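The numbering of the sequence shown is UniProt numbering, which starts it at 1 and goes up by one.
Built from N, CA and C at the ideal position, the CB exists for glycine as well.
All values reported here derive from a predicted model rather than from experimental measurement.
For reference, the structure is listed below as structure tokens.
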Amino acid sequence: MERHTYTIVVENNKEFEKWTVLIDDNVQTFYLKPRYATGHIGDILLGQVTNMVRGLQGVFVELGSSQKGFIHLKDLLYDVNMNPLQQGNIQKGQKMIVQVEKEAVRSKGPRLTQHIQIRGGHLIYLPYSHYMAVSHQLSIDQGEKLKFHLQDQCQAPEGFIIRTSAANREKSDLIHELKTLKQKWIKLTKTIDMDRLGPIHKKENQLLQEIISEHHMSGDINLYTDHPLKISKEFLPEVTINRSKVGLEQRRIIDRAYAKAINRKLVLHSGAVCMFDYTEALTIIDIDSAGVTPKRNWEETAYAINLEAAFEIANQIKLRQIGGMILIDFIRLTNEDHKKQLLQYVRSCFLNDFTTTKVLGYSNLGLMELTRKKKRYGIQDAVIEKKDLNR
């Protein structure tokens, strides 16, 4: 098995924590965690319904603090006594176990869910969700085989998600891990004090665990940080903390990549320009030839520029953590073979993406359409939030 060198660098400034992920000294992506973010995503709490808001299709939930959380009707499953929660039988004062899905933002409380996840190294146990899913990174045959091994270990309403790292694990190892996660959940529920709302289980090193999981890291991981960061050795035994600064060469690599990633304008070697524009609904990327002189004929030149742009855009989408709907306005091509080859090339650029990206093809207007699973704390999110604050 090929071995890689994994490095995570955590730095602080006035606005956010910047987390840089490097594999073999190549920057993979940046996470910009706002300073106000409390880091409560993944926490499991006992909550109590305060009121239902029909227009919002959800309920507000008291969590034992000044802020109330909000949970959509589609994310409501069971009360603490395992009675199904449906729109017609939700009442004020009902208690339920919830998990924080989205951080509180200033005066806005956290988004909650009852699709609770208990994460392990290769599996995610779902005590309430009653479905069995497999990472999209695994082949259909692999996924079905692994599901077959584990499906008898769960009874309704239990379920599980098989992670990419489970691909080469023994059946016995996965069954043992699933049983361990189930026991952890049972232990948590037994500690609940029904007279005390609030945290049942606080997620430690949540962002760090997500990064390790998303990038399929295994083996030794070097973490450089300029501020105190406690690491749970129970769940992250492979992480080594370095209080010193990263080496000079790594510093240059990070700074060069970051300078590119925060810029709206990206200049290619050919002289052409890519412009990145973010909205809440989608990201639009426009390629401009910027007066590039054709070497042979314009079709060949446009095709060459588009190939160069496709490679750089794929890298920037990963670096900036661009998610949701993405439209790319390549330089217009008239040769159908060139259009097909460009589409195939873009797809090949995302084969090793650490998250799910689908290259859908061309729209009726000739724009290339992509969708990519959204991640938290990307550069895209930081830019959108800054726009909102400046309005």
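- As the crow flies, the alpha-carbon of GLN91 is around 55 Å from that of ARG251.
- When rounded, the separation of the alpha-carbon atoms in ASN297 and SER363 is 26 Å.
- Across the set LEU146, GLY109 and ILE124, the C-alpha of ILE124 shows the shortest separation from the C-alpha of THR180.
- Per the C-alpha coordinates, the member of GLU17, GLU308 and LYS95 positioned closest to GLY198 is LYS95.
- For ILE285, the uninterrupted beta strand (DSSP E) segment begins and ends at 282-288.
- Close CB contacts of ILE192 within its chain, under the 7 Å cut and outside five residues either way in sequence, are with LEU46 and ILE200 (chain order).
- Under the three-state reduction of DSSP, VAL80 is assigned to coil, being neither helix nor strand.
- Linking ALA133 to GLU11 through their CA atoms gives a straight-line distance of about 35 Å.
- If you ignore the 5 residues before and after ASN89, its C-beta comes within less than 6 Å of no other C-beta in its own chain.
- Assignment of beta-bridge partners to LYS374 by DSSP yields no partner.
- Contact annotation: GLN48 and LEU77 have beta-carbon atoms that are not nearer than 8 Å.
- Note that the C-beta distance between ILE41 and GLN209 is not below 8 Å.
- Assignment of beta-bridge partners to GLY121 by DSSP yields no partner.
- Boundaries cannot be given for PHE354, as no beta strand (DSSP E) includes it and DSSP labels it neither H nor E.
- Short of 7 Å from the beta carbon of SER135, and not among the five residues preceding or following it, lie these beta carbons of its own chain, in chain order: ILE162, ARG163 and THR164.
- Close CB contacts of PHE160 within its chain, under the 7 Å cut and outside five residues either way in sequence, are with LEU123, ILE124, TYR125, LEU126, MET132, LEU150, CYS154 and LEU178 (chain order).
- Between TYR31 and GLY378, the CB-CB gap stays under 8 Å.
- Looking at the DSSP output, ASP277 bridges to ILE284.
- The Cβ neighbour count for ILE140, taken over all protein chains shown within 10 Å, is under 16; the residue is labelled exposed.
- Contact check for ASN315 against PHE330 fails: the beta carbons are separated by 8 Å or more.
- Beta-carbon to beta-carbon, THR283 and ILE322 are separated by about 5 Å, close enough to satisfy the 8 Å threshold.
- Distance from the Cα of GLU62 is smallest, within the candidate group LYS374, LYS74 and VAL98, for VAL98.
- Inter-residue distance for ASP195 and VAL80 is about 12 Å (C-alpha atoms, whole angstroms).
- For secondary structure counted as the alpha helix (DSSP H) over 4 or more consecutive residues, the region 288-358 holds these complete runs in sequence order: 298-320 and 336-349.
- Our two residues, ALA309 and ILE287, have alpha carbons roughly 7 Å apart in a direct line.
- Each of ASP277, ASN335 and LYS318 was checked against the Cα of GLU299, and the nearest Cα belongs to ASN335.
- Around PRO157, the same chain offers TYR128 and HIS130 as residues with beta carbons nearer than 6 Å, after the five sequence neighbours per side are excluded.
- Beta-bridge pairing by DSSP links HIS215 to no other residue.
- Per the coordinates, the alpha-carbon of ALA166 lies some 10 Å from the alpha-carbon of GLY143.
- HIS149 sits in a helix when the DSSP states are folded into three classes.
- Boundaries around GLN250 are those of the alpha helix (DSSP H), 248-261, since no beta strand (DSSP E) includes it.
- When the five nearest sequence neighbours on each side are left out, the beta carbons in the same chain lying within less than 6 Å of the beta carbon of LEU367 are those of LEU327 and ASP329, in order along the chain.
- With a cutoff of 8 Å on beta-carbon distance, GLN57 and GLY109 are scored as not near each other.
- Here ASN242 is not near TYR258, since their CB atoms are 8 Å or more apart.
- ILE118 has its alpha-carbon roughly 11 Å from the corresponding atom of LEU188.
- Rounded to the nearest whole angstrom, the C-alpha separation of ILE211 and TYR278 is 23 Å.
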